[in-house]
Amino acid sequence: MANSAKQRSSGHKHKKQFGQNFLNNGRVIDQIVASIRPRKDDHMVEIGPGEAALTTPLIEIVARLEIIEIDNDLITPLKIKFATKPAFKLHHTDALAFDYARLLDDSPGKLLRIIGNLPYNISSPLLFHLLQYGHQIKDMHFMLQKEVVDRLTAKPGIKAYGRLSVMIQYACETEYLFTVGPENFTPPPKVDSAIVRLVPYTNKPFIADNESCFADLVKQAFSQKRKTLRNNLKGWLNSEQIISCEIDPSTRAETIPVAKFVELANLYNKLQNQSNKAFSHHRNS
Ligand code: SAM
């Protein structure tokens with residue numbers, strides 16, 4: 287067995303590669319469940335149930351609880367534990383590759399509620415994967431590294447505000463709920479954790495005309511944190527074009543609100559479309 291695996295009383299060996307820090311404090315578990323506000327008719331999805339710290343209270347409340355677990359060793363114990371619960375459905379797979387839309391096939395119109403004490407090493411890719419299903423998701427409650435929750439909820443001008451803040455806040459309302467210390471997990475992680483609520487917008491307040499262009503521009507704007515917007519966007523937008531969006535080109539990306547990133551991306555997209563059109567016109571004439 288790998289050195290990263292640690293034995294605990296249940297016999298399960300914690301696997302570091304799956305980010306296995308299991309909740310061990312009933313009071314914190316109750317607090318998390320209360321913050322999720324589970325309802326009888328919810329169709330809930332739990333990512334990474336582990337030894338069912340959150341699954342156990344939730345299954346008593348919600349109508350449907352789909353759980354996604356990757357670790358082979360946890361599958362049989364979970365199946366045995368919940369064998370008599372009709373709400374329970376297990377997906378033994380990787381949450382990063384899972385097609386969440388297929389869960390809705392037999393209940394059209396009903397949105398998913400996603401929860402999880404997430405393995406920290408996959409939190410950002412998982413959030414980006416889930417954003418693709420924004421229209422099928424009612425809300426998400428996650429335990430993540432506190433530093434990541436700080437970034438998800440940071441406002442412009444705050445040190446934690448960066449690419450992740452802009453991309454998630456473009457798609458969701460975000461709320462920092464509370465901090466959870468390392469002593470509430472077995473084994474304890476090295477850093478604090480926190481619970482975040484993410485609610486995908488039904489109607490986004492600011493709409494990028496081309497979302498992949500928006501994502502590229504935001505990435506480029508934050509490519510070198512210490513550089514000004516003018517420098518980071520060199521070859522994308524010049525100073526006059528940045529000023530036309532009422533943004534000072536000598537500021538840094540970390541001060542620019544989501545709405546302004548959308549404006550910059552829409553301008554860039556428009557200019558790209560115009561130059562593509564001119565190019566094809568030139569070729570055809
Ligand atoms: N929910 C439990 C708790 O709060 O005590 C366990 C949380 S533990 C931090 C993360 C869980 O996610 C583990 O059960 C781990 O095996 C599972 N996991 C890790 N990577 C995963 C993946 N890619 N897809 C699905 N589950 C994963």
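Numbering of the sequence shown is given in the working numbering, commencing with residue 287 and proceeding in unit increments.
Don't be surprised by glycine CBs; every beta carbon is placed ideally from N, CA and C.
Computed from a predicted structure; not experimentally measured.
Check                                                                                                                             : Outcome
Close beta carbons around Pro468, own chain, < 6 Å, minus the five adjacent residues each side                                    : Pro474, Pro475
Euclidean distance between Cα positions of Asn289 and Asn307                                                                      : Residue confidence is low: Asn289 scores 36 on pLDDT, short of 50, so the model does not pin down where it sits. Its coordinate-derived value is still stated next. Those two C-alpha atoms are separated by around 16 Å.
Option nearest Ile401 by Cα separation, candidates Lys371, Glu332, Leu430, Gln455                                                 : Glu332
Cβ-heavy atom distance, Asp283 to ligand 1, below 7 Å                                                                             : Absent from the model: residue 283. The displayed extent of the chain is 287 to 571, so no value can be given.
Classification of Asp359 by the beta-carbon crowding that lies within 10 angstroms, buried from 16 upward                         : exposed
Ligand 1 heavy atom lying under 7 Å from the CB of Gln418                                                                         : no
Any alpha helix (DSSP H) of 4 or more consecutive residues that is wholly inside the stretch 371–446                              : 409–417, 432–439
Contact the stretch 417–429 vs the stretch 520–534: 3+ CB pairs below 8 Å                                                         : no
Nearest-angstrom Cα separation, counted from Cys531 out to Lys292                                                                 : Caution is warranted here: a pLDDT of 48 is assigned to Lys292, below 50, making its placement in the model unreliable, and no coordinate value can be reported.
Check: Pro363 C-beta below 7 Å from any heavy atom of ligand 1                                                                    : no
Contacts around Cys458, its chain only, beta-carbon distance under 7 Å, and the 5 residues preceding and following it disregarded : Leu484, Val485, Pro486, Tyr487
Outcome for Val482 when other beta-carbon atoms lying within 10 angstroms are tallied against a minimum of 16                     : buried
Near ligand 1: Phe308 beta-carbon under 7 Å from a heavy atom                                                                     : yes
7 Å Cβ shell around Thr537 - same chain, five flanking residues per side excluded                                                 : Thr514, Leu515
Validate contact between the stretch 490–501 and the stretch 342–354 using beta carbons, cut 8 Å, 3 pairs                         : no
Supposed contact pair Arg437 and Leu450 - C-beta distance, whole angstroms, cut 8 Å                                               : 5 Å
6 Å Cβ shell around Phe428 - same chain, five flanking residues per side excluded                                                 : Gly402, Leu404, Val482
Pair within 8 Å by beta-carbon distance, Leu398 and His300                                                                        : no
Thr465 classed as buried or exposed, judged by whether at least 16 other C-beta atoms fall within 10 angstroms                    : exposed
Minimum C-alpha distance to Asn552 - residue among Arg325, Phe492, Leu413                                                         : Phe492
Contact check, Ile345 vs Phe368, beta carbons under 8 Å                                                                           : yes
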